[in-house]
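Numbering-wise (the numbering used here), the sequence shown opens with residue 47 and increments by one. We put the beta carbon where it would ideally sit given N, CA and C, even for glycine. First the structure, in the form of structure tokens, and then the observations on it.
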Amino acid sequence: MQAIMTKDFEHVGDDAALTVVDFWAAWCGPCKMQTPVLEDLDQDYAGQVKFASLDVDQNQELAQSLGIMSIPSLVIFKNGKPTEKVVGFHPKAALKKYLDSKLAEAMAE
47 MQAIMTKDFE
57 HVGDDAALTV
67 VDFWAAWCGP
77 CKMQTPVLED
87 LDQDYAGQVK
97 FASLDVDQNQ
107 ELAQSLGIMS
117 IPSLVIFKNG
127 KPTEKVVGFH
137 PKAALKKYLD
147 SKLAEAMAE
């Protein structure tokens, strides 16, 4: 999972049909639980879904501009554009089911 900053964000979803950006902070307990789940999914979906992470404490303006009010938050990008937000901790099985449906949608378009 690639760590990104505000300067990298503009092109985060350019090279993937589906990109998941994890908005997190070092002091956030649920974020620490979500990270290994996303790292596993990053391996499971290699070549299909791009995963990135962004520390909200170091990128506050960007987080605010995307309406990130609580963390962890996952912002889903389709073809480089933010389309959905998933807030809170989610287990691997739930995220896998969600991503499978989003991939199916992306492939159908």
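Where residue i falls: helix, strand or coil (DSSP)
| i | result |
| --- | --- |
| Gln48 | strand |
| Ala154 | helix |
| Glu56 | coil |
| Ala140 | helix |
| Pro118 | coil |
| Ala98 | strand |
Residue from the options with nearest C-alpha to residue i
| i | options | result |
| --- | --- | --- |
| Cys74 | Gly134, His57, Lys127 and Thr65 | Gly134 |
| Val95 | Glu107, Val121, Pro137 and Asp54 | Val121 |
| Asp101 | Ala150, Ser119 and Ala63 | Ser119 |
| Pro76 | Ser116, Thr52 and Leu87 | Ser116 |
N-terminal and C-terminal residue of the beta strand (DSSP E) that residue i is part of
| i | result |
| --- | --- |
| Asp83 | The residue you asked about is not Asp; residue 83 is Val in the sequence shown. That residue, Val83, is in no beta strand (DSSP E); its alpha helix (DSSP H) goes Gly75 to Asp90. |
| Phe135 | Neither: Phe135 is in no beta strand (DSSP E) and is coded neither H nor E. |
Residue-level contact to chain B via CB, residue i, 8 Å cutoff
| i | result |
| --- | --- |
| Ile114 | Of the chains in the structure shown, none is chain B; there is only one protein chain. |
N-terminal and C-terminal residue of the alpha helix (DSSP H) that residue i is part of
| i | result |
| --- | --- |
| Leu108 | Gln106 to Ser111 |
Residue i to residue j span [Cα, whole Å]
| i | j | result |
| --- | --- | --- |
| Lys138 | Gln48 | 19 Å |
For the stretch 57-65 against the stretch 106-118, do three or more pairs of beta-carbon atoms, one drawn from each stretch, fall closer than 8 Å, so that the two count as touching? No contact exists between the stretch 57-65 and the stretch 106-118.
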